[in-house]
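Scroll down for the structure; my scribbles are underneath it.
In the working numbering, the protein residues as written are 2 to 285.
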């Protein structure tokens, strides 16, 4: 998923559909393909089917949700295509290794796209989290993709068999009890937050939650569209107090995603504790 260059042809008629969306418009139902990343069009749909190179992901959402996580955001789509590229062109030195046995936990999962994509790419231990009000829609989307829903906190009864399962848990950032439930399942290999930097106050709580969950062996991945510069700066200031933070050069990940153009400024940060690790590929 590459940044659209100035002067690049804007004719999308020959572009393959990145999604098929369904909803209501002027009192009439519609179903139509989407060939470019248009936030307003995607967020106005009731149901979306994303067509990735190797799989599809079905999501329902509430276009009128009072919660920012109640509908899709473009950065999650870009990140999913990047993750998919890592499974088709595996390199031993990639700092993100799509090893099936690694444990992934996502903060601010919203409608659940990234966690569902990870499960469909073969990751066996995936935990998605968000505020309690979004747990129902995350569970519905997990099940819509023929995956099982599991719980760590005893919130719901787990099936005896948990193959092809995704753990769904409520988690308010910096909530000690909720964090303990996530920690109870064991050490986290990858902790991911996508499009979670949107206010100065929440940026601090996000970093504190990352700090509570991460160990010296955890790779923290933070991907964000830059909308609120003050929030971005607050996040960085807090993160640099608790982690080593490296920005991954755009060409090192965005060029791997796909050829669908986008105009947004996206940032990816690699964060970790402990002794200094090898730099992320492409970092100058």
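Even for Gly, the Cβ is constructed at its ideal location relative to N, Cα and C.
| message | Here's a check: name, in chain order, each residue in its chain whose Cβ is nearer than 8 angstroms to the Cβ of residue 24, leaving out the five neighbours to either side. | response | Answer for residue 24: 30, 31, 45, 46, 47, 48, 64, listed in chain order.
| said: According to DSSP, residue 82 sits in a beta bridge with which residue or residues? | reply: Beta bridge pairing from DSSP links residue 82 with no other residue.
| request: Could you have a look at residue 236 and say whether DSSP puts it in helix, strand or coil? | output: Helix, per DSSP.
| said: Run through the DSSP bridge pairs and tell me what residue 32 is partnered with. | reply: DSSP, once it has assigned bridges, lists 23 as partnering residue 32.
| Spatial distance of residue 267 from residue 155 (CA atoms) | C-alpha of residue 267 to C-alpha of residue 155: approximately 37 angstroms in a straight line.
| residue 220 classed as buried or exposed, judged by whether at least 16 other C-beta atoms fall within 10 angstroms | Residue 220 should be labelled buried.
| Distance between residue 27 and residue 182 (C-alpha atoms, nearest Å) | Residue 27 has its alpha-carbon roughly 45 angstroms from the corresponding atom of residue 182.
| task | Return the first residue and the last residue of the beta strand (DSSP E) that residue 210 is part of. | result | Careful: residue 210 lies outside any beta strand (DSSP E), inside the alpha helix (DSSP H) at 201-214.
| request: Please specify which runs of the beta strand (DSSP E), each continuous and at least 3 residues long, are wholly inside the region 46-113, giving them in chain order. | output: Within the region 46-113, the complete beta strand (DSSP E) runs of at least 3 residues fall at 48-52, 57-61, 104-108.
| message | Closest to residue 41 by C-alpha separation, out of 82, 22, 102, would be which residue? | response | Minimum Cα-Cα distance from residue 41 among the listed residues 82, 22, 102 corresponds to 22.
| Member of 105, 197, 272, 140 whose CA lies at the smallest distance from the CA of residue 75 | It is 197 whose Cα lies nearest to the Cα of residue 75.
| request: Measure from the alpha carbon of residue 58 to the alpha carbon of each residue in 86, 91, 19, 96, then state which is nearest. | output: When 86, 91, 19, 96 are compared, the shortest CA-CA separation from residue 58 is found for 19.
| said: With the cut-off set at 8 angstroms, would you say residue 70 and residue 116 are in Cβ contact? | reply: Result no, Cβ atoms of residue 70 and residue 116 do not sit closer than 8 angstroms.
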